[in-house]
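Colleague: Pasting a structure here, questions to come.
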Amino acid sequence: MFILHVFFNAKCKERKMFMFKKFLKKQNKVELVAPLSGRLILLENVSDPVFSQKMMGEGIAIIPEDGKILAPIGGTIVQIPASKHAIGLQTSEGIEILIHVGLETVALKGQGFQPIVKEGDQVNIGDPLMDVDLDYIKNNADDIVTPMVITNSNNSDKTYDIAEEKACVAGESIVITIT
Numbered sequence: 056m057f058i059l060h061v062f063f064n065a066k067c068k069e070r071k072m073f074m075f076k077k078f079l080k081k082q083n084k085v086e087l088v089a090p091l092s093g094r095l096i097l098l099e100n101v102s103d104p105v106f107s108q109k110m111m112g113e114g115i116a117i118i119p120e121d122g123k124i125l126a127p128i129g130g131t132i133v134q135i136p137a138s139k140h141a142i143g144l145q146t147s148e149g150i151e152i153l154i155h156v157g158l159e160t161v162a163l164k165g166q167g168f169q170p171i172v173k174e175g176d177q178v179n180i181g182d183p184l185m186d187v188d189l190d191y192i193k194n195n196a197d198d199i200v201t202p203m204v205i206t207n208s209n210n211s212d213k214t215y216d217i218a219e220e221k222a223c224v225a226g227e228s229i230v231i232t233i234t
């Protein structure tokens with residue numbers, strides 16, 4: 056009888072530990088949604104090697120179909136350069152995200168970009184961040200493709216599950232899952 060008690064008690068403890076670890080793993084999952092509607096492409100397919108070689112970090116890129124940029128996750132706006140071509144935000148988990156609108160758009164000196172938020176603002180997933188004049192960007196920049204990178208991913212032991220190339224909807228389509 057004692058042997059059966061020890062056996063079943065040990066199995067119960069193992070099962071509890073397994074469920075506890077599974078619970079913790081689920082709690083640590085973070086999902087980022089598309090900041091723009093359009094066509095998601097792999098970062099490796101972006102023509103700029105700074106992004107395609109992931110020098111700035113892991114991420115995705117979107118060929119936008121409109122100029123409405125939404126927050127891919129909740130967090131704090133930590134950077135909007137004077138050229139307004141990018142927005143940096145940081146989550147409460149410490150994930151640092153950069154949305155870089157178009158390629159070589161810093162040269163536009165803010166033309167075509169209208170930020171809705173400012174540094175220090177708290178945002179929720181799906182909140183409007185910026186309006187972009189896509190026609191102006193198409194006519195005056197190298198490319199409208201918009202990378203979204205996790206700038207501190209190269210110094211992290213987390214796993215980044217990147218969605219396949221597909222059509223995506225801003226504020227809805229999950230494009231990166233971090234565990």
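For the sequence shown, the working numbering begins at 56 and goes up steadily by one.
Don't be surprised by glycine CBs; every beta carbon is placed ideally from N, CA and C.
Only a predicted model underlies this, so the values are computations on that prediction, with no experimental measurement involved.
To the nearest angstrom, how far is it from the Cα of residue 146 to the Cα of residue 182?
Modeller: Indexing the sequence shown from 1 puts residue 146 at position 91. Indexing the sequence shown from 1 puts residue 182 at position 127. If I take the Cα positions, the gap works out to 14 Å.
Colleague: When you compare each of 164, 101, 126 to residue 227 by their alpha carbons, which one comes out closest?
Modeller: On the sequence shown, residue 227 is found 172 positions in, with the first residue counted as 1. Considering only alpha carbons, the answer is 126.
Colleague: Measuring straight from C-alpha to C-alpha, what distance separates residue 202 and residue 193?
Modeller: Counting from one through the sequence shown, the residue named residue 202 turns up at place 147. Counting from one through the sequence shown, the residue named residue 193 turns up at place 138. In a straight line, the C-alpha of residue 202 is about 15 Å away from that of residue 193.
Colleague: Using C-beta distances below 6 Å, list every residue in its chain close to residue 132, excluding the 5 sequence neighbours before and after it, in chain order.
Modeller: Here the question's residue 132 lines up with position 77 in the sequence shown. Counting only Cβ-Cβ distances below 6 Å, and skipping sequence neighbours, we find 144, 172, 174, 176.
Colleague: Are there 16 or more other CB atoms within 10 angstroms of the CB of residue 137, so buried, or fewer, so exposed?
Modeller: As a position in the sequence shown, residue 137 is number 82, starting the count at 1. Classification of residue 137: exposed, given that the 10 Å Cβ count is below 16.
Colleague: Pull up the distance between the alpha-carbon of residue 156 and that of residue 141, whole angstroms please.
Modeller: If you number the sequence shown from 1, residue 156 lands on position 101. If you number the sequence shown from 1, residue 141 lands on position 86. The alpha-carbon atoms of residue 156 and residue 141 are separated by roughly 6 Å.
Colleague: Given this structure, state the Cα-to-Cα distance separating residue 116 from residue 148, to the nearest angstrom.
Modeller: Position 61 of the sequence shown, counting from 1, holds the residue named residue 116. Position 93 of the sequence shown, counting from 1, holds the residue named residue 148. Each residue's alpha carbon lies about 22 Å from the other.
Colleague: Rounding to the nearest angstrom, what Cα-Cα distance links residue 106 and residue 211 in this structure?
Modeller: Taking the first residue of the sequence shown as 1, we reach residue 106 at position 51. Taking the first residue of the sequence shown as 1, we reach residue 211 at position 156. If you take the alpha carbons of residue 106 and residue 211, they lie about 18 Å apart.
Colleague: Which one or two residues does DSSP pair with residue 162 in a beta bridge?
Modeller: The sequence position of residue 162 within the sequence shown is 107, counting from 1. The partner list for residue 162 (beta bridge, DSSP) is empty, contrary to what the question assumes.
Colleague: Following the continuous beta strand (DSSP E) through residue 153, name the residue where it begins and the one where it ends.
Modeller: The sequence position of residue 153 within the sequence shown is 98, counting from 1. First-last of the beta strand (DSSP E) with residue 153: 151 to 155.
Colleague: Who are residue 202's beta bridge partners in DSSP?
Modeller: Your numbering for residue 202 matches position 147 in the sequence shown. In the DSSP output, where bridge partners are listed per residue, residue 202 has 116.
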